[in-house]
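Peer 1: Using the working numbering, you'd call the opening residue of the sequence shown number 1 and step up by one each time. Take this structure first; my questions come after.
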Amino acid sequence: MTVLRSGSASDVGRVRTVNEDLALESLTLFAVADGMGGHVGGEIAARTAIDTLQAEFARKPSADGLAGAIHEANRAVWGRGHADVDLRGMGTTLTAVALVATDEGDRLVLANVGDSRAYRLHGGDLVQLTTDHSVAEELVARGDLSEEEAAVHPKRHILTRALGVQPEVAVDVWQIVPEEGDRFLLCSDGVSNELPIDQITGVLSETRDPREAAERLVRMANQAGGNDNATVVVVDVMVGEPPSADVAPTHAAEVAAGATSLATGAAAAPEPASPGDTMVAMSPQAPVVPETEPGGGGAVAVNGVGPAVVSRSAPDTTVGRPPTPRRVQPVGARIPRRITFRVVLFLIVLGGLVYAGFATVHWYVNNSYFVGLNHHQIVIYQGRPGGFVGIEPKIVTRTQMTSAQVPSYKVPDLKTGVQESSYQAAKNYVTDLQQSVCSLELQQPPSYCPASTTPTTPPGFTPATSVPAPTATLGMPAGGRVGTSDGRVA
Ligand code: MN
């Protein structure tokens with residue numbers, strides 16, 4: 001089971017007049033969109049993308065579903081941009097992370113188009129997971145530019161990929177094992193351009209509350225210049241897979257390299273959700289992004305504990321990476337199925353039903369009464385004769401009558417338990433029983449019988465004393481002998 005906690009913040013900044021960024025925070029889906037396009041275009045593009053993403057992912061909450069939702073969002077922005085002259089040319093970035101259940105367990109699926117970013121804080125290190133789809137970053141990927149040069153490159157803001165500018169778009173997709181204690185950061189370029197990574201790392205490491213961390217980062221981006229809209233979503237893995245030990249980079253690289261060769265060897269694998277998407281697996285120890293493999297194969301990493309998911313590289317139209325789709329079945333998939341949200345939900349529902357069942361049984365038992373015997377004494381029980389699903393009947397009222405006193409034909413019923421619909425009904429039964437006892441011609445009427453009672457021998461009846469009391473078989477000395485087997489006074 002994976003439990004996430006999140007917080008977000010967004011601000012227009014100190015230069016712009018409109019905030020074209022948009023953050024999405026829900027239980028399992030988080031995203032940042034950075035819209036662009038004159039007038040109201042940027043806002044509408046971001047809103048259209050986020051709304052479509054949310055609706056489509058809700059329809060299909062899976063890894064494929066997330067990629068599909070982004071394709072759908074692209075078409076929606078593209079469609080609106082072409083239907084309305086005022087919106088022509090609008091577009092948006094979209095970086096989204098979603099929690100999904102897979103056969104291997106819960107996974108975080110990360111998807112990106114554009115230059116908004118996703119980072120992971122893991123073991124104190126902040127690692128950028130996404131690759132900017134910008135001119136500068138493409139040059140870095142080709143090795144023509146260093147990261148430092150890219151950060152100040154004049155074309156660093158020019159996107160090579162965005163939602164809504166073409167009818168189809170390639171989406172980068174990653175699957176990540178959600179490890180307890182990991183913190184994910186989604187942010188627009190208004191944050192990553194203003195703040196150096198060590199400053200972002202500091203805030204994320206120091207600030208426990210995700211919303212507070214998001215607000216601090218946005219505030220700091222403003223203080224650093226606030227040249228652009230700044231938006232942050234922080235997602236914490238509160239409950240997840242046990243944290244993996246940190247692995248030395250060299251080891252991680254070896255692991256990744258080994259897995260890559262495996263990947264090459266197993267080419268006959270299922271096709272990914274959408275042609276053109278880049279599916280990259282990420283090990284908790286060493287997140288591997290597409291760039292780690294120059295020339296364009298998908299990067300693969302092996303999670304020491306779980307399966308390595310694999311990678312598929314996409315034809316990158318801008319850089320011209322060779323389309324070398326590869327996919328490998330999970331490597332070392334030995335982990336048992338993990339407890340997913342669905343299992344948890346099932347258990348909760350099951351627990352509720354069991355509780356409701358017990359409550360019903362208790363209600364039923366507590367509203368059941370019967371008159372029965374307790375060592376020959378006639379008593380009123382609450383519960384069911386003989387007990388019910390382990391709930392023993394309990395005595396609520398004792399009478400002064402014994403089985404020896406009542407008409408003998410009633411004794412078998414009393415032994416079994418005479419069930420009544422309510423406590424009052426049970427009392428009524430006892431009262432009737434007492435009256436029938438008192439109306440008997442007893443030599444020594446029981447104390448509960450009215451003193452005035454002077455039994456007379458009804459005509460045609462033999463005195464009781466002349467008849468052996470059948471109740472004597474109960475081994476109870478009768479306070480007064482009673483009737484015959486027909487229950488009538490003898
Ligand atoms: Mn921006």
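Using N, Cα and C, we set each Cβ at its ideal position, and we do this for glycine too. Source: prediction; values computed, not measured.
How many Å lie between residue 78 and residue 172 at the Cα?
Peer 2: Walking along the sequence shown from the start, residue 78 turns up at place 78. Walking along the sequence shown from the start, residue 172 turns up at place 172. Using only the alpha carbons, I get a separation of about 19 Å.
Peer 1: Considering Cα atoms alone, identify which of 390, 97, 38, 85 is closest to residue 65.
Peer 2: Reading the sequence shown from its first residue, position 65 is the one you call residue 65. Of the candidates 390, 97, 38, 85, the one whose C-alpha sits nearest the C-alpha of residue 65 is 97.
Peer 1: Would you say the beta carbon of residue 34 comes nearer than 7 Å to a heavy atom of the ligand MN?
Peer 2: The residue given as residue 34 occupies position 34 in the sequence shown. Yes, Cβ of residue 34 sits closer than 7 Å to a heavy atom of the ligand MN.
Peer 1: In chain order, what residues of the same chain lie with their CB nearer than 6 Å to the CB of residue 491, ignoring the 5 residues before and after it?
Peer 2: Any answer about residue 491 is impossible in this case: the structure gives the chain only from 1 up to 490.
Peer 1: Looking at residue 190 and the ligand MN, is the gap between the Cβ and the nearest heavy atom below 7 Å?
Peer 2: Numbered from 1 along the sequence shown, position 190 holds the residue referred to as residue 190. Under cutoff, so the answer is yes.
Peer 1: Taking C-alpha atoms, which residue in 82, 390, 386, 369 lies nearest to residue 380?
Peer 2: If you number the sequence shown from 1, residue 380 lands on position 380. Ranking 82, 390, 386, 369 by Cα distance to residue 380 puts 369 first.
Peer 1: Consult DSSP for residue 236 and reduce its assignment to one of helix, strand or coil.
Peer 2: As a working mapping, residue 236 is identified with position 236 in the sequence shown. It is a strand residue.
Peer 1: Does the stretch 37-48 come close enough to the stretch 85-101 that 3 or more CB-CB pairs lie under 8 Å?
Peer 2: yes
Peer 1: Considering only heavy atoms of the ligand MN, does any lie closer than 7 Å to the CB of residue 228?
Peer 2: The residue you call residue 228 lines up with position 228 of the sequence shown. The answer is yes for residue 228.
Peer 1: Would you kindly work out how many angstroms separate the C-alpha atoms of residue 149 and residue 47, rounded to a whole number?
Peer 2: Position 149 of the sequence shown, counted from the start, is the residue given in the question as residue 149. Position 47 of the sequence shown, counted from the start, is the residue given in the question as residue 47. Straight-line Cα distance between these residues: approximately 33 Å.
Peer 1: Any contact of the stretch 4-24 with the stretch 56-64, i.e. 3+ C-beta pairs under 8 Å?
Peer 2: no
Peer 1: Where does residue 491 sit, in a helix, a strand or coil, going by DSSP?
Peer 2: Since the first residue of the chain shown is 1 and the last is 490, residue 491 is not available in this structure.
Peer 1: Report the residue from 119, 374, 389, 21 whose alpha carbon sits nearest the alpha carbon of residue 361.
Peer 2: The sequence position of residue 361 within the sequence shown is 361, counting from 1. Considering only alpha carbons, the answer is 389.
Peer 1: What residues match up with residue 563 in a beta bridge as DSSP calls it?
Peer 2: In the structure as shown, the chain begins at 1 and stops at 490. Residue 563 is therefore absent and cannot be evaluated.
Peer 1: Following the continuous beta strand (DSSP E) through residue 197, name the residue where it begins and the one where it ends.
Peer 2: Taking the sequence shown and counting its residues from 1, one reaches residue 197 at position 197. First-last for residue 197: 197-206, but that is the alpha helix (DSSP H), not the beta strand (DSSP E).
Peer 1: CA-CA distance, residue 11 and residue 242?
Peer 2: For the purposes of this step, residue 11 is taken as residue 11 along the sequence shown, with counting starting at 1. For the purposes of this step, residue 242 is taken as residue 242 along the sequence shown, with counting starting at 1. If you take the alpha carbons of residue 11 and residue 242, they lie about 35 Å apart.
Peer 1: Which residues in the same chain have their Cβ closer than 7 Å to the Cβ of residue 429, if we skip the five residues on either side of it in sequence?
Peer 2: What you label residue 429 is simply residue 429 of the sequence shown in a count that begins at 1. Closer than 7 Å at Cβ, skipping near neighbours: 371, 418, 420.
Peer 1: For residue 68, count neighbouring C-beta atoms within 10 Å of its own C-beta (all shown protein chains included) and say buried if the count is 16 or more, exposed if not.
Peer 2: Indexing the sequence shown from 1 puts residue 68 at position 68. Buried, because 16 or more other Cβ atoms sit within 10 Å of the Cβ of residue 68.
Peer 1: Between residue 438 and the rest of its own chain, which residues show a CB-CB distance below 8 Å, the 5 nearest in sequence each way excluded?
Peer 2: Here the question's residue 438 lines up with position 438 in the sequence shown. Answer for residue 438: 445, 446, 448, 449, 450, 453, listed in chain order.
Peer 1: Could you pull out every residue in the same chain whose Cβ sits closer than 6 Å to the Cβ of residue 192, ignoring the five residues on either side in sequence?
Peer 2: Here residue 192 corresponds to residue number 192 of the sequence shown, with the count starting at 1. For residue 192, where only same-chain residues beyond five positions count, the Cβ hits under 6 Å are 117.
Peer 1: Kindly indicate which residue of 120, 1, 37, 207 has the alpha-carbon position closest to the one of residue 101.
Peer 2: For the purposes of this step, residue 101 is taken as the residue at position 101 of the sequence shown. The shortest Cα separation from residue 101 among 120, 1, 37, 207 belongs to 1.
Peer 1: Specify the secondary structure class of residue 15 as computed by DSSP and reduced to three states.
Peer 2: In the sequence shown, counting from the first residue as 1, residue 15 sits at position 15. Residue state, collapsed to three classes: coil.
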